[in-house]
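59 is the number of the first residue of the sequence shown in this note's numbering; add one for each residue after it.
For glycine and all other residues, C-beta sits at the position ideal for the given N, C-alpha and C.
Computed from a predicted structure; not experimentally measured.
Report on one structure; see the data block that follows.
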Amino acid sequence: PVLFTSYYGCDSLINLHLNVNPTYLIYDTLSICENELPYTYTDTIFNIGTISGTYNFCRQSIYGCDSITLLFLTVNPVYNFTDTHTLCESELPFSYAGQSFDSAGSYSINLLSQFGCDSNILLTIYVLPSYKETQFLKICDSELPYFYAGYRLDLGGTYNLKLKNNNGCDSLITLFLAVNTTPFQPDAIIGNPYINIQGQYTFSVNPIDNATSYQWHITNPEWRGNSTTNVISIFIPNPGNGTIAISAINECGESDKTELYLTSSVGTKDYDSEQKIILYPNPAVSFTYINFKEIKGNTNIRITDVSGKILHNEVYNINEIQYTLKLDISKYPKGFYFITINNNDQTVIKKLIIE
Numbered sequence: 059p060v061l062f063t064s065y066y067g068c069d070s071l072i073n074l075h076l077n078v079n080p081t082y083l084i085y086d087t088l089s090i091c092e093n094e095l096p097y098t099y100t101d102t103i104f105n106i107g108t109i110s111g112t113y114n115f116c117r118q119s120i121y122g123c124d125s126i127t128l129l130f131l132t133v134n135p136v137y138n139f140t141d142t143h144t145l146c147e148s149e150l151p152f153s154y155a156g157q158s159f160d161s162a163g164s165y166s167i168n169l170l171s172q173f174g175c176d177s178n179i180l181l182t183i184y185v186l187p188s189y190k191e192t193q194f195l196k197i198c199d200s201e202l203p204y205f206y207a208g209y210r211l212d213l214g215g216t217y218n219l220k221l222k223n224n225n226g227c228d229s230l231i232t233l234f235l236a237v238n239t240t241p242f243q244p245d246a247i248i249g250n251p252y253i254n255i256q257g258q259y260t261f262s263v264n265p266i267d268n269a270t271s272y273q274w275h276i277t278n279p280e281w282r283g284n285s286t287t288n289v290i291s292i293f294i295p296n297p298g299n300g301t302i303a304i305s306a307i308n309e310c311g312e313s314d315k316t317e318l319y320l321t322s323s324v325g326t327k328d329y330d331s332e333q334k335i336i337l338y339p340n341p342a343v344s345f346t347y348i349n350f351k352e353i354k355g356n357t358n359i360r361i362t363d364v365s366g367k368i369l370h371n372e373v374y375n376i377n378e379i380q381y382t383l384k385l386d387i388s389k390y391p392k393g394f395y396f397i398t399i400n401n402n403d404q405t406v407i408k409k410l411i412i413e
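Given below as structure tokens:
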């Protein structure tokens, strides 16, 4: 009760019921992302551009008393990045920020920052080409070892070579290397080495696998023939001797020559028909004799085998004292041979059998 004096001086008694309502001081913490602005906090709006800080709010409680809220506000940034990568084709697929990319282009990548806020990366990928090529190359064996783009190649074959192109990217070249050799020497020339009738005569060799052409050589200037193949036709108009030879040719060079000695008795008098030259014994084993009878002067004696190979070639002076010639044939294998006798411009060919 409260005792006080009234307006008229009289004592008065009042019973007072007093309620004391509290005032509040509130602390609050708030963390938001920059892209959440504008943000509403109770009856307050934080607009775009709001920064982190401490904010005071005075409000009335339910009892009508002033209350203070102290807000600690954190505005976390949202990041926007641009990034560029230049790659070689062989580096695809490319991994970036947990994602895989198979081709060139621009890509928008959404990530969460350390504060849990959305961030964006604009990724641009450039892809430089890596080349795959196939090349065919032919060289000569004389060029081995062959160096190609820094690689040493010792043999022909297929090679997969890794190189760096102008962009620094790996490139693959599949190289087929063919190694050619100088042609082998042709085998024996096929054809008759003994000519007794004027005309065209054909000579040949077996083809050489890697030859692209052939070169024929004729030593007798009166014989006519020309060919770049393995076959030649030669016109032989008159008596005489000579050698024909052939070599095989390709881009790597020329082989050794194969030769055949030819004897032409075209238009000559055959002494053999007059029995002026006698060969005995025939068949023979170790020795054979030539009796010349009326033949005199320097006489060339040549022994050849059936392939035309010259085994003996010598000039003898036949006269009245020495007109029988003894020939040693003991070193020759059994078989057929030809003895060609040239005296002045006359030729006689005798066939000899060695047993």
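In terms of alpha-carbon separation, which member of the options lies closest to residue i?
i, options, result
"Q258", "A246, R282, P265", "R282"
"T81", "Q118, V343, F234", "Q118"
"V324", "T142, I294, N349", "I294"
"R360", "K351, D228, E352, H370", "H370"
"T346", "K409, L233, N114", "K409"
"Y78", "D386, C123, I379", "It should be pointed out that residue 78 corresponds to Val in this sequence rather than to Tyr. V78 has its Cα closest to that of C123, out of D386, C123, I379."
"Q157", "P341, Q172, P135, L181", "L181"
"T301", "I292, G111, I276", "I276"
"T144", "N288, S64, N168, S153", "S153"
"L318", "F261, V136, N178", "F261"
"F115", "I103, I90, L128, Y272", "L128"
"Y165", "Q172, T142, F173, C175", "T142"
"Q193", "C310, N400, N218, I183", "N218"
"Y137", "D176, A246, I183, F159", "D176"
"S161", "I348, N377, I183", "I183"
"K315", "G355, N299, Q273", "Q273"
"T132", "F139, L88, L170, G214", "L88"
"K222", "I290, G208, L235", "G208"
"N349", "P341, K367, E378", "E378"
"S171", "T63, I103, P135, K392", "P135"
"T140", "I106, N178, T108", "N178"
"N401", "G298, T102, Y206, P341", "G298"
"K367", "G355, C310, A246", "A246"
"L385", "I292, S200, V343", "V343"
"N358", "I399, P341, P391", "I399"
Using DSSP with H/G/I as helix, E/B as strand and the rest coil, what is residue i?
i, result
"N134", "strand"
"D199", "helix"
"E312", "strand"
"E280", "coil"
"V78", "coil"
"E317", "strand"
"E352", "coil"
"S153", "strand"
"S164", "strand"
"S148", "helix"
"F396", "strand"
To the nearest whole angstrom, what separates the beta carbons of residue i and residue j, a pair I think is in contact under 8 Å?
i, j, result
"Y381", "K351", "7 Å"
"I304", "P244", "6 Å"
"T362", "F394", "So it is not a contact: roughly 10 Å between Cβ atoms."
"I307", "S271", "5 Å"
"T287", "T405", "Not a contact, Cβ separation roughly 30 Å."
"I412", "I376", "The pair is not a contact, with the Cβ atoms about 23 Å apart (cut-off 8 Å)."
Following the continuous beta strand (DSSP E) through residue i, name the residue where it begins and the one where it ends.
i, result
"D86", "83-91"
"C116", "111-118"
"K409", "404-412"
"H370", "368-376"
"D176", "176-186"
"Q157", "157-159"
"I292", "289-294"
"A236", "228-238"
"K220", "215-222"
"F104", "102-104"
"G257", "257-262"
"F414", "In the structure as shown, the chain begins at 59 and stops at 413. Residue 414 is therefore absent and cannot be evaluated."
(message) With three or more beta-carbon pairs closer than 8 Å as the criterion, would you say the segment 221-228 touches the segment 239-253?
(response) no
(message) With a threshold of 8 Å, are at least 3 pairs of Cβ atoms found where one atom belongs to the segment 263-280 and the other to the segment 332-341?
(response) no
(message) Between the segment 143-160 and the segment 181-194, can you find at least three pairs of beta-carbon atoms closer than 8 Å?
(response) yes
(message) Is it the case that the segment 60-72 contacts the segment 86-95, given that we only count it when at least three CB pairs across the two stretches are under 8 Å?
(response) no
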